[in-house]
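Undergrad: Please see the structure below; I have some questions.
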Amino acid sequence: KEVPAKPSLTFRESSFSYDAERFELGPINAHVEAGSHAAVIGRSGSGKSTMLQLVSGLLPVKGDLLINGEPLSVYKEESWYSQLAYVTQHPYLFSGTLRENIILGTPEYVGTDLDAAVEKAGLTEVVEQLPDGLETLVGEGGRGLSGGEKQRVALARAFMKKPTFLLFDEPTTGLDVKTEQVLQRSIEELSRNATVLTVAHRLHTIKKADQILLLENGRVHASGSHDEL
Ligand code: ATP
Ligand code: MG
Numbered sequence: 327k328e329v330p331a332k333p334s335l336t337f338r339e340s341s342f343s344y345d346a347e348r349f350e351l352g353p354i355n356a357h358v359e360a361g362s363h364a365a366v367i368g369r370s371g372s373g374k375s376t377m378l379q380l381v382s383g384l385l386p387v388k389g390d391l392l393i394n395g396e397p398l399s400v401y402k403e404e405s406w407y408s409q410l411a412y413v414t415q416h417p418y419l420f421s422g423t424l425r426e427n428i429i430l431g432t433p434e435y436v437g438t439d440l441d442a443a444v445e446k447a448g449l450t451e452v453v454e455q456l457p458d459g460l461e462t463l464v465g466e467g468g469r470g471l472s473g474g475e476k477q478r479v480a481l482a483r484a485f486m487k488k489p490t491f492l493l494f495d496e497p498t499t500g501l502d503v504k505t506e507q508v509l510q511r512s513i514e515e516l517s518r519n520a521t522v523l524t525v526a527h528r529l530h531t532i533k534k535a536d537q538i539l540l541l542e543n544g545r546v547h548a549s550g551s552h553d554e555l
């Protein structure tokens, strides 16, 4: 089954633990309306990134994750991955060319899509300065990229996909002003036609969200709009 063009997301008694004695996420009950934007907030270690990873399908979930009311497992895996963009705190670059790292998961694309993604992610200058441009080897065994540059590669990946579901783990600190601005603008553009679950640190992001989920010790302690909380 194909993932619908406007996916909603429901956590129904969803839980996960890395190691039962230590941290447990959930059980979580929450609903993100199709096309709406939810912000996950909470202190460091409360489980925000883990919650996003659950949705990404990278971690085995106990309980249910529902897309438009149906378990994620009824949909074709490749259908979910083609709709989903996940911009993490620490994007992983595999050993390969920059081009390969950007088109990851987007088998059918045209060159203009790639150019646009590079441009929108604020990578044009970076590419120009690399010895072989987009053909430069990066990742393990290749050229290292800075944290900010890796974030922008993750953004370029997201622009390639034109996702209907966006997971974004907003960086806490450490990005230069320019990357921050590119990130902010890009995420806004990507969010326009997508259902979004963001780990939010900026007040601006939190205020603009349709719904805020406050995590404490792996549980949703409170939820509502910015005015309600
Ligand atoms: P931050 O704001 O610092 O990013 P967070 O709310 O995103 O924090 P998580 O990264 O989800 O928190 O971590 C939740 C808990 O799970 C923490 O106690 C953390 O130590 C633990 N944890 C995270 N990743 C792993 C892992 N790969 N293996 C074991 N424990 C982990
Ligand atoms: Mg985190």
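Per the UniProt record's numbering, the very first residue in the sequence shown carries number 327; after that it's consecutive. Beta carbons are placed, not taken as given, at the ideal position from N, Cα and C, and that holds for glycine.
What residues sit near the ligand MG, counting only those whose C-beta is closer than 7 Å to one of its heavy atoms, in chain order?
TA: This criterion selects K374, S375, Q415, D495, V525.
Undergrad: Hey, is V452's beta-carbon within less than 8 Å of any beta-carbon in chain D?
TA: Given the protein chain composition of this structure (a single chain), no chain D is represented.
Undergrad: At 3 residues or longer, what runs of the beta strand (DSSP E) sit wholly inside the region 402–473?
TA: Taking only runs of at least 3 residues, the beta strand (DSSP E) segments lying wholly in the region 402–473 are 410–413.
Undergrad: Within 10 angstroms of the Cβ of V503, are there 16 or more other Cβ atoms? Answer buried if so, exposed if not.
TA: Numbered from its first residue, the sequence shown carries residue 503 at position 177. Looking at its Cβ environment, which holds fewer than 16 other Cβ atoms inside 10 Å, V503 is exposed.
Undergrad: Should S372 go down as buried or exposed, given a rule of 16 or more other Cβ atoms within 10 Å for buried?
TA: Translated into the one-based positions of the sequence shown, residue 372 becomes position 46. Result: buried.
Undergrad: Out of G544, W406, Q507, point me to the one whose CA is closest to T499's CA.
TA: Indexing the sequence shown from 1 puts residue 499 at position 173. Out of G544, W406, Q507, Q507 has the C-alpha closest to the C-alpha of T499.
Undergrad: Can F491 and P333 be called in contact, C-beta distance under 8 Å?
TA: Translated into the one-based positions of the sequence shown, residue 491 becomes position 165. Translated into the one-based positions of the sequence shown, residue 333 becomes position 7. Contact: yes.
Undergrad: Determine the DSSP secondary structure at T498, reduced to helix, strand or coil.
TA: Indexing the sequence shown from 1 puts residue 498 at position 172. Here T498 sits in coil by DSSP.
Undergrad: Quick one: is P386 buried, meaning 16 or more other Cβ sit within 10 Å of its Cβ, or exposed?
TA: For the purposes of this step, residue 386 is identified with residue 60 of the sequence shown, where counting begins at 1. By the neighbour-count rule (16 or more Cβ atoms within 10 Å), P386 is not buried but exposed.
Undergrad: Note down the Cα distance separating T450 from V444, rounded to an integer number of angstroms.
TA: Here residue 450 refers to the residue found at position 124 when the sequence shown is read from its first residue. Here residue 444 refers to the residue found at position 118 when the sequence shown is read from its first residue. Distance between the alpha carbons of T450 and V444 is about 6 Å.
Undergrad: Taking only three categories from DSSP, how would you classify T524?
TA: Position 198 of the sequence shown, counted from the first residue, corresponds to residue 524. DSSP places T524 in strand when its eight states are reduced to three.
Undergrad: Taking C-alpha atoms, which residue in A364, N394, S382, K488 lies nearest to S549?
TA: Mapped onto the sequence shown, residue 549 falls at position 223. Here the closest residue by C-alpha is A364.
Undergrad: Would you say residue 300 and I367 are within 8 Å of each other, going by their C-beta atoms?
TA: There is no way to answer for residue 300, as the model of the chain reaches only from 327 to 555.
Undergrad: Quick check on S399: buried or exposed, where buried means 16 or more other Cβ atoms within 10 Å of its Cβ?
TA: Translated into positions along the sequence shown, residue 399 becomes position 73. Label assigned to S399: exposed.
Undergrad: Under a three-way DSSP split, which group does V381 fall into?
TA: Start at 1 with the first residue of the sequence shown, and residue 381 comes out as number 55. In this structure, V381 counts as helix in the three-state DSSP scheme.
Undergrad: Can you give me the Cβ contacts of A356 inside the same chain, cut-off strictly under 7 Å, excluding the 5 residues immediately before and after it?
TA: For this step, residue 356 is matched to residue 30 along the sequence shown. Same-chain partners within the cutoff: F337, L539, V546, S549.
Undergrad: Can you tell me which residues form a DSSP beta bridge with Q510?
TA: Taking the first residue of the sequence shown as 1, we reach residue 510 at position 184. Q510 pairs with nothing; no bridge assigned.
Undergrad: Measuring CA to CA, which of S382, M486, S421, K446 is closest to P433?
TA: Walking along the sequence shown from the start, residue 433 turns up at place 107. Selected option, being the one with the closest Cα: M486.
Undergrad: Give a single yes or no on whether G459 has its beta carbon closer than 7 Å to a heavy atom of the ligand ATP.
TA: Along the sequence shown, read from residue 1 onward, the residue named residue 459 stands at position 133. No - the ligand ATP has no heavy atom lying nearer than 7 Å to the Cβ of G459.
Undergrad: Specify the secondary structure class of S375 as computed by DSSP and reduced to three states.
TA: For the purposes of this step, residue 375 is identified with residue 49 of the sequence shown, where counting begins at 1. Here S375 sits in helix by DSSP.
Undergrad: Among R348, G470, A447, K446, which one has its Cα closest to the Cα of L456?
TA: On the sequence shown, residue 456 is found 130 positions in, with the first residue counted as 1. Checked all of R348, G470, A447, K446; the closest Cα to L456 is G470.
Undergrad: Shortest alpha-carbon distance to M377 belongs to which of I354, D441, G361?
TA: For the purposes of this step, residue 377 is taken as residue 51 along the sequence shown, with counting starting at 1. That would be I354, whose Cα lies nearest to the Cα of M377.
Undergrad: So, with DSSP's three-state summary, where would you put H547?
TA: Translated into positions along the sequence shown, residue 547 becomes position 221. It is a strand residue.
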